[in-house]
Amino acid sequence: MNSTVDSNNLREEVRAWLTQNVPQDWRQAMTGTDQDAFVKAQRDWFNKLVAAGYATPHWPEGWPGGGRSLADQKIIYEETARADAPRLILFFVALYHSACTLMEWGTQEQKEKYLPGILKGEIWCQGFSEPNAGSDLASVKTRAELKGDRYVINGQKTWSTMAQYADKCLLLTRTGKSEPPQGGLTYLLLDMKAKGVSVRPISQITGDDEFAEIFFDDVEVLVEDRVGKDGEGWAVAQSTLSSERGLTLVELTQRMRYSLAKVAEVMRERGRASDPAIRKELGALIAKVNASCALADQYLLKRISGTEAAGDASIVKLNYARTLREFTKLGMSISGLQGQYFEDFTRGGSQETGNWTVDFMNSYNWSIAGGSDEIQRNIIAERMLLMPREPKNWQLS
Amino acid sequence: MNSTVDSNNLREEVRAWLTQNVPQDWRQAMTGTDQDAFVKAQRDWFNKLVAAGYATPHWPEGWPGGGRSLADQKIIYEETARADAPRLILFFVALYHSACTLMEWGTQEQKEKYLPGILKGEIWCQGFSEPNAGSDLASVKTRAELKGDRYVINGQKTWSTMAQYADKCLLLTRTGKSEPPQGGLTYLLLDMKAKGVSVRPISQITGDDEFAEIFFDDVEVLVEDRVGKDGEGWAVAQSTLSSERGLTLVELTQRMRYSLAKVAEVMRERGRASDPAIRKELGALIAKVNASCALADQYLLKRISGTEAAGDASIVKLNYARTLREFTKLGMSISGLQGQYFEDFTRGGSQETGNWTVDFMNSYNWSIAGGSDEIQRNIIAERMLLMPREPKNWQLS
Amino acid sequence: MSASNTYQRSDAESQLIELRDSARQVLSGLGLAVNEEKVWPIVTDLGWLLVGVPETLGGLEQGVTGSCAFHAELGRSLAAAPYAAATIAIDAICHSTLANQQSLIERFATGEIVTASLAESAVAIASNKVTGTMTAVPSADKASHVLVCVENSELVALLSLNQPGVEITARQTWDTTRRLFDVRFADVALDETLTLASGADAKTLSSRISTLRDFALAADAVGGAEALLEMTVEYLKTRKQFGRPLALFQALKHRCADLKMLISSAEALLNDSLSRVGNQLDGAQAVAMGKAAKYLACSVYARVAEESLQLHGGIGMTSEYPCHLYLKRALLNEHLGSGNYELDIADHFLS
Amino acid sequence: MSASNTYQRSDAESQLIELRDSARQVLSGLGLAVNEEKVWPIVTDLGWLLVGVPETLGGLEQGVTGSCAFHAELGRSLAAAPYAAATIAIDAICHSTLANQQSLIERFATGEIVTASLAESAVAIASNKVTGTMTAVPSADKASHVLVCVENSELVALLSLNQPGVEITARQTWDTTRRLFDVRFADVALDETLTLASGADAKTLSSRISTLRDFALAADAVGGAEALLEMTVEYLKTRKQFGRPLALFQALKHRCADLKMLISSAEALLNDSLSRVGNQLDGAQAVAMGKAAKYLACSVYARVAEESLQLHGGIGMTSEYPCHLYLKRALLNEHLGSGNYELDIADHFLS
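Going line by line, the protein sequences match chains V, H, E and B. To convert a position in the first sequence, counted from 1, into the working numbering, add 4. To convert a position in the second sequence, counted from 1, into the working numbering, add 4. To convert a position in the third sequence, counted from 1, into the working numbering, add 25. To convert a position in the fourth sequence, counted from 1, into the working numbering, add 25.
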């Protein structure tokens, strides 16, 4: 069977389904409304996608729509972006991070216990980052002490996406004492309703709260809910982090590309459509946005073909963060004073909140979180250009 | 006496003199001609200025035009820039570096021996920089060995401005052995015609050769031609380097300001005078150029009032280098393909060679020489913002 | 080398430095982004609105340089006060031929609020009645009067805000340190005792008003940028990553150094322009200088704010931490004022 | 996670990689910026001009992707050869309806030089005679023919350069790795056996020619930028200051990383565009893609060249060291091509 024909079939099928199923009013439903309305809108959309098999194309055969190639998954994302459908942000950790970690590392019991719940709409969050740890994952300090058949956890996590809505948590803890930083980490599955867990949403500069802090006060987790061995958490976390395999950036860059039309829109609205200086900036931006799409696409191809090199992922992310900044800044700048007035925006809309100033502020999530631009530059310089690393014992003299 | 009236008088006097005396054809005389024509044009202009007392306003009273305040010196430079008179590049080291070093550190005999020669047109060069030393003056390796009543010198200097024309040289050598880097340096006055001195002009990327390498092969200098004590060279060199006290940047920024008219000119020539995108860039540039002028002016005022702080000089230089880059780049960019064709340019014309592409390439002299942009940033961060210095023993691990 | 390089600070300069230092002390005692209710009584009690007013009208005679020093201090502390708008209006009164000048200045310097637009207005006059909209008017809800420049600069006047035909609408901005309003006039009658200038005089005064606004925004930007960079550098010195203070990483040091250089250049341009224009704010030259100062300072402020947000990492993205307050004020500053600054500067140069 | 992710390189892809690798080896054996006399015989002997030519016409059928791989290699080594101009002209012959296509391609692929303009031309036709000027024509002094696109795309033809009415003027550029000429025609008669297209076909072919030129310049830029960054990083690893290799300074590392990212993005856009357009280079979409690839690659190249000059410090400013050769080629590349790229891209998007 010819794979191009195959792909075209899938593309048409997805496109047709989206035309029928994307709620036309989802932006309104998620703009200026409260959290419940947002969660409901996300859940409705999730259920539709699960039913159609488009939520889990990356799961193995046997699961709804499962067993699809990365190329096919890419088609689904591209079409979702093209249709301006909502992003499944509330379920992303469950569908990718949790599922992929369980598939790769989970016991049969764990898979049976957790995977069906994900399809039913259980929300997961990630408990990796900690205060004052920044991009330095190895400095996890949250303690898990083994007492009989359970771990007792004390500590704090932060920047956990949508943790205030979560049912379960992927938790990285420190169990060892004297090992090197990456050693001594242990990976647990936590029930967010367990005694001693408390969550505090982080109020962001946009007024939104897409992230939360999680506090642990003698929280107990059974040993059977540990993923991998005690001390093997670093390796398990690595596969969690690479679970989406570049698909997110394919989706985001495609969404940015389709959003270029919104720049044209704001140019018209603000009477700047024929301003040559703005048109020139738009022309430059179009080239950069298309380049970001091409980079993300080619990165996915490298993952598919197994030719990914050290630093490739950093280049894609650093580039996306920069282009997104320029993109949102141009929109904001064209908006003029009007753009500086507060307006309601689409909750959890990430880069497409319908408000350029919010989009601009949100763009910093991409240059700061998930390994800041500075960390990406270190990686590119050291692992790709093979420039020397800073000495380990480099301390203030 | 009211100082503003006084200044106005000087300004008018200088302006009138320049109108009478600036050779109208100096650019043509220095464009596409050989080195001799260039030297002759410089020498003629130098003699005129000396006669009028405008070459040495910074020398003490008693010398031609001497004893003027820094504010008056500034007026002379501003007017020279305004009149688009040639810069005295061939005599700058003699008039400032050599003279000020001798005035501050020289013995009576040295002053009598060297100062009159400067006024007669002796050309001096500076022998400070060395190959592979970059901006790191303390790493001077050229050896001077004391043998009886003389030093015997071996080594190499580089990036010495116009050394191929020089009669004398301000030479920084290493005499000590085990002292810390800044120690062990000794400052000598060298006759460029001495046995064992050879000079090789450095061919620059513009095709010009404003700099040269100097090689020393058992060159002898009498102890009486040492400035300061043996081992005191670092301190003497510091006063050489600060001798022009910010005047150069006042002159250069003023010249850049007057040259803004040339951007307008190339816009007209290339039919871009009404291009809004270019006009917008020009508007931004005008603000930046005026800011560079203001920074240089205010730096001079700080020197006059003794309120200079650590890092101030770095800010002025870093800012000038950046603005000059943007300035020349805009001119080059407006020139289009035409600007990429090779054309003769004014020799030693520095930033005003009459060719935007040469000016652009020359702009790197300001971001690289005399302490690169990177060094200036270190100084600003460490001495002004008080951010910690890198540890001394920071080595590749 | 010469002995004749002496420099003496003038009395006026010394006085201004004292005034500014005490303002900084007072404001830093209040804390960042303190609200209008707390700041305004201090502003009036300490006579800050009189800084730029001539001695003959009961002021401190510190001119535009003087009021800009205070704009910078208020920008530094992110104070939420209609100081800029009020000083602009008071300055306009000083430069009018109004008979009751002195009493108006007293009223507005001591409690009653006069305001003005920080952006563009579209207000026309017909049969002595005013119609149109002013945007970005600070504290219009609490002000008794607003300064109005009629289109084509036929007239500059004060209008009472407490009269029929005036509609005041709050326009919440992302910058929560400012309270801006739209003010709409529908056939509002002029009060001739409050007409500041008409005809050619109005053109001159309008031009002075917009230059003053540009300088005020520039000074706010310089003050804010300076304070923010200080905060950022402090943060980098404190915060550790990979066991080292962030301030030790050369890439971050170099970025801070560049920001410092940019701020210094904007500040130098502002100070230089102020000293060159003196009190002559209405000519084409002064207008262009105001525009250059505003453009450079506000674009530098935005650049500093954007870099600072990145340099702070995650904590800068939280509403608890004040980094974003500077960012939002910087973004708003860029969009206040009027016209296309870069183009206007070029137009003036090429004309 | 899925098992079905397999990917096989096609035979054509494998062949191209082999060709490119061998080209790189040959060129690096010659050294940087080697002159035309040395490169051209190799280009023709090894059949590099046939890379993009269809099999049916005796070529290697590697399309535009194929010739771009060679443009990148020549850009990398700063080779002084009219390869881009010749491949553009040969491609135009391939896409003409000329009867003697095959014999012309053989002539021009094996020794006789055909050239074309790398910039804008102003050539008009009247009574079958050609008048006007072509700029930036490489090696016109050695070429027997030049590709001419008449204004308003009425006609695309080859013209012999060895005939009365043709005036060839050398235009020395700062970039000494290219030898460009102005070619002036004064009433030069057309040879109908060399007319490639007229009417609507000429419009289509002209559009193909300019897109091809944009891709060629983009590929040259990507190749040059890559080689220059490698050279710069090597230099930083070798050169020591304050007792440490420069490559250890984080500020410099971060700048190199940014450059690497920029080059990767330009390369990705070029490759993506080439694979999307395939052999369909004449539509508005393809033209816009060519323009975007050219704009991004050439601006990235210039940026890399400027930063590399600074990162090299003094040595980069000497004519002995090759850093400036890349800079000058990058600057020239930015100004070759035609139109205002950013505006054209926006126009296409907004239309």
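Glycine included, C-beta positions come from ideal geometry on N, C-alpha and C.
Legend entry - The alpha helix (DSSP H) enclosing Arg-238 of chain B, as first and last residue numbers: Segment 225-263, the alpha helix (DSSP H) holding Arg-238 of chain B.
Legend entry - Beta-carbon contacts of Glu-359 of chain E that lie in its chain and below 8 angstroms, excluding the five residues immediately before and after: Closer than 8 angstroms at the Cβ level, and outside the excluded window around Glu-359 of chain E, lie Cys-323, Ser-324, Tyr-326, Ala-327.
Inset, instruction - Between the Cα of Ile-122 of chain H and those of H:Asp-38, H:Thr-111, H:Cys-173, H:Thr-146, spot the shortest distance and give me the residue it belongs to. - result: Ranked by Cα distance from Ile-122 of chain H, the options H:Asp-38, H:Thr-111, H:Cys-173, H:Thr-146 are led by H:Cys-173.
Legend entry - Supposed contact pair Gly-131 of chain H and Leu-176 of chain H - C-beta distance, whole angstroms, cut 8 angstroms: Confirmed, about 6 angstroms.
Inset, instruction - Using DSSP bridges, identify the partner residues of Trp-128 of chain V. - result: DSSP, once it has assigned bridges, lists V:Lys-172 as partnering Trp-128 of chain V.
Legend entry - Reference Thr-257 of chain E, options E:Leu-205, E:Glu-331, E:Val-148, E:Val-208, closest by Cα: Considering only E:Leu-205, E:Glu-331, E:Val-148, E:Val-208, the residue with the shortest C-alpha distance to Thr-257 of chain E is E:Glu-331.
Legend entry - Distance between beta carbons of Val-231 of chain V and Lys-199 of chain V, contact taken as under 8 angstroms: The C-beta separation of Lys-199 of chain V from Val-231 of chain V comes to about 22 angstroms, leaving the pair out of contact by the 8 angstroms criterion.
Legend entry - Residue of V:Leu-226, V:Ile-383, V:Gln-208, V:Tyr-324 minimising C-alpha distance to Trp-3 of chain V: The structure shown does not extend to residue 3 of chain V, since chain V spans only 5 to 401, so no value can be given for it.
Inset, instruction - Hey, could you find the ends of the alpha helix (DSSP H) Tyr-326 of chain E is sitting in? - result: Residue range 309-337 is occupied by the alpha helix (DSSP H) that includes Tyr-326 of chain E.
Legend entry - Rounded separation between Ser-133 of chain H and Thr-350 of chain H - CA only: Going from the Cα of Ser-133 of chain H to the Cα of Thr-350 of chain H covers about 26 angstroms.
Legend entry - Integer Cβ distance of Gly-188 of chain V from Gly-235 of chain V, believed to fall under 8 angstroms: About 6 angstroms separates the beta carbon of Gly-188 of chain V from that of Gly-235 of chain V, a gap short enough to meet the 8 angstroms contact definition.
Legend entry - Within 8 angstroms, strictly: CB atoms of Ile-127 of chain H and Ala-98 of chain H: In this structure, Ala-98 of chain H lies closer than 8 angstroms to Ile-127 of chain H by Cβ.
Legend entry - Residue closest to Ala-298 of chain V, alpha-carbon to alpha-carbon, out of V:Phe-364, V:Trp-67, V:Gln-258: Looking at the Cα atoms, V:Gln-258 is the closest of the given residues.
Legend entry - Contact check, Ile-67 of chain E vs Val-51 of chain E, beta carbons under 8 angstroms: Between Ile-67 of chain E and Val-51 of chain E, the C-beta spacing is below 8 angstroms.
Inset, instruction - Determine the direct distance from the alpha carbon of Ala-293 of chain B to that of Met-26 of chain B, and round the result to whole angstroms. - result: At Met-26 of chain B the pLDDT is 46, less than 50, meaning the model places this residue with poor confidence; the figure from the coordinates comes in the next sentence. If I take the Cα positions, the gap works out to 26 angstroms.
Inset, instruction - Would you grab the beta carbon distance between Ala-110 of chain B and Leu-143 of chain B for me? Rounded to a whole angstrom, and I think it's under 8 angstroms. - result: Right, the Cβ-Cβ distance comes to about 6 angstroms (below 8 angstroms), so this counts as a contact.
Inset, instruction - Indicate whether at least one CB of chain D lies closer than 8 angstroms to the CB of Leu-123 of chain H. - result: The chain labelled as chain D is not found among the protein chains of the depicted structure, namely V, H, E and B.
Legend entry - Arg-301 of chain B, buried or exposed, once every other Cβ within 10 Å from all chains shown has been counted against 16: Counting Cβ neighbours within 10 Å, Arg-301 of chain B comes out exposed, since fewer than 16 surround it.
Inset, instruction - Ignore the nearest five residues each way along the sequence and tell me which others in Gln-168 of chain H's own chain have a CB closer than 6 angstroms to its CB. - result: The answer, listed in chain order, is Val-203, Pro-205, Ala-216.
Inset, instruction - Could you please give the first and the last residue of the uninterrupted beta strand (DSSP E) stretch that includes Asn-158 of chain V? - result: Run containing Asn-158 of chain V: 154-165, per the beta strand (DSSP E) assignment.
Legend entry - Classification of Ala-314 of chain V by the beta-carbon crowding that lies within 10 angstroms, buried from 16 upward: Ala-314 of chain V should be labelled exposed.
Legend entry - Interface residues of the region 263-291 of chain V facing chain H [CB-CB below 8 angstroms]: Within the region 263-291 of chain V, the qualifying residues are Asp-279, Pro-280, Ala-281, Lys-284.
Legend entry - is_contact[Asn-25 of chain H, chain E] using C-beta, thresh 8 angstroms: For Asn-25 of chain H, the answer is no, since every Cβ of chain E falls outside 8 angstroms of its Cβ.
Legend entry - Residues that Phe-346 of chain V contacts on chain E, provided the C-beta gap is smaller than 8 angstroms: In chain order: Gln-197, Thr-198, Trp-199.
Legend entry - Endpoints, beta strand (DSSP E) assigned at Phe-215 of chain V: In this chain, the beta strand (DSSP E) harbouring Phe-215 of chain V covers 215-226.
Legend entry - Length of the line joining the Cα atoms of Asn-30 of chain B and Gly-237 of chain V: Low per-residue confidence applies at Asn-30 of chain B: pLDDT is 47, beneath 50, and the placement is therefore not dependable, though the value from the model is reported in the following sentence. Distance between the alpha carbons of Asn-30 of chain B and Gly-237 of chain V is about 27 angstroms.
Inset, instruction - Measure the alpha-carbon distance for Val-225 of chain H versus Gly-375 of chain H and round it to whole angstroms. - result: Taking the straight line joining both Cα atoms gives about 28 angstroms.
Inset, instruction - State yes or no: is the beta carbon of Ala-276 of chain E nearer than 8 angstroms to at least one beta carbon in chain B? - result: Yes - at least one Cβ of chain B is within 8 angstroms of the one on Ala-276 of chain E.
Legend entry - Per DSSP, cross-strand counterpart(s) of Glu-80 of chain E: Glu-80 of chain E is not bridged by DSSP to any residue.
Legend entry - Contact set for Ser-337 of chain V: own chain, Cβ-Cβ below 7 angstroms, skip 5 residues either direction: Contacts found: none.
Inset, instruction - Using beta-carbon positions only, say whether Ala-117 of chain E and Ile-193 of chain E come within less than 8 angstroms of one another. - result: Not in contact: Ala-117 of chain E and Ile-193 of chain E (Cβ atoms no closer than 8 angstroms).
Legend entry - Spatial distance of Gly-378 of chain V from Val-26 of chain H (CA atoms): Note on residue identity: the sequence assigns Glu, not Gly, to residue 378 of chain V. Straight-line Cα distance between these residues: approximately 53 angstroms.
Inset, instruction - Can you give me the Cβ contacts of Ala-85 of chain H inside the same chain, cut-off strictly under 7 angstroms, excluding the 5 residues immediately before and after it? - result: Within the same chain, Ala-85 of chain H has close Cβ partners Glu-255, Gln-258, Arg-259, Tyr-262.
Inset, instruction - Provide the residue span of the beta strand (DSSP E) that contains Met-159 of chain E, from first to last. - result: Run containing Met-159 of chain E: 154-163, per the beta strand (DSSP E) assignment.
Inset, instruction - Can you grab the Cα-Cα spacing for the pair Thr-263 of chain E / Arg-269 of chain B, in whole Å? - result: Across the structure, Thr-263 of chain E and Arg-269 of chain B are spaced so that their CA atoms are roughly 27 angstroms apart.
Inset, instruction - Output the distance between the C-alpha atoms of Ala-59 of chain V and Ala-147 of chain B, rounded to the nearest integer angstrom. - result: Going from the Cα of Ala-59 of chain V to the Cα of Ala-147 of chain B covers about 57 angstroms.
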